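Per UniProt numbering, residue 1 is the first one in the sequence shown, and the count goes up by one each step.
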Amino acid sequence: MGASLAFPLAAICGYLAGSIPFGLLITKAAGLGDIRQIGSGNIGATNVLRTGRKDLALATLLLDSLKAGLLALGFGLLASREVGFVAGAFAFVGHCYPVWLGFKGGKGVATYAGLLPFVSLPGFYVAAPIWLGLFALTRISSLAALTAAALVPPGAWMLGERNMFILCGLALLSLFVFWTHRANLGRLLKGQEPRFGAKKDTPDA
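Written out as structure tokens, the structure is:
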């Protein structure tokens, strides 16, 4: 597959796949109505968990992750690691701004996480323990997500990632995570971000 075709094809396929709102589709299929009408109004796994259905939240998490990861893997095998990254990155964009939902989607954490094992294992080795550890300690999903996102690019480099295309791409995606979490960041700075499971924990990661 030539580069002139591979990159735009990866971007288009990535965006369209990323736009599939699994959280919304799964909860509607389960008879729980429109997930956008409860909690934070987000279509991601954290808000699906607010329905009380851990199985549906887990399914949403896996599907939102895999829609980036499998595309990155596929295009990586067909073309190159860089093309695979573009496919996964545009799945992230599609998840955050899905064409099917008027460009109002999720915040991209699961999709970003799903991309990492297939394009940069060093980045994944940084993100996974940081997110899990901070969330376990604080129960604040947004804090865990933002900290992990901030540390992925430098951490990946420290663990041996030397592909500058990938490193710069990770930096852009991490900045994008801060953009999608700008409301959460404001509440964190004010000490007003609720812990997951607490009453009135409407804001979402």
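Glycine included, every Cβ here is placed at the ideal spot set by N, Cα and C.
Treat the numbers as computed from the prediction; the structure is a model and nothing was measured.
What is the rounded straight-line gap between the Cα of residue 227 and the Cα of SER4? With the chain covering 1 to 205 only, the question about residue 227 has no answer from this structure.
For HIS181, which three-state DSSP category applies? coil
If you compare alpha carbons, which of ALA144, TYR125, HIS95 is closest to GLY133? ALA144
Taking the straight line between their C-alpha atoms, what separation do you get for SER40 and HIS95? 16 Å
Would you grab the beta carbon distance between TYR15 and VAL83 for me? Rounded to a whole angstrom, and I think it's under 8 Å. Rounded, the Cβ-Cβ distance is 14 Å, inconsistent with contact.
Where in the segment 79 to 129 do unbroken runs of the alpha helix (DSSP H), each at least 4 residues long, occur, reported from the N-terminal end onward? 81 to 96, 109 to 119
Inter-residue Cα distance where the pair is ALA113 and TRP131: 10 Å
Using a Cβ-Cβ cut-off of 7 Å (strictly less than) and excluding sequence neighbours within five positions of TRP157, which residues of its own chain qualify? LEU167
Quick one: is LEU116 buried, meaning 16 or more other Cβ sit within 10 Å of its Cβ, or exposed? buried
Secondary structure at ALA30, three-state DSSP: helix, strand or coil? coil
Are the segment 65 to 79 and the segment 27 to 35 in contact at 8 Å, needing three or more beta carbon pairs? no
Within 10 angstroms of the Cβ of GLY106, are there 16 or more other Cβ atoms? Answer buried if so, exposed if not. buried
Could you tell me if LEU189 is buried or exposed, where buried requires 16 or more neighbouring beta carbons within 10 angstroms of its beta carbon? exposed
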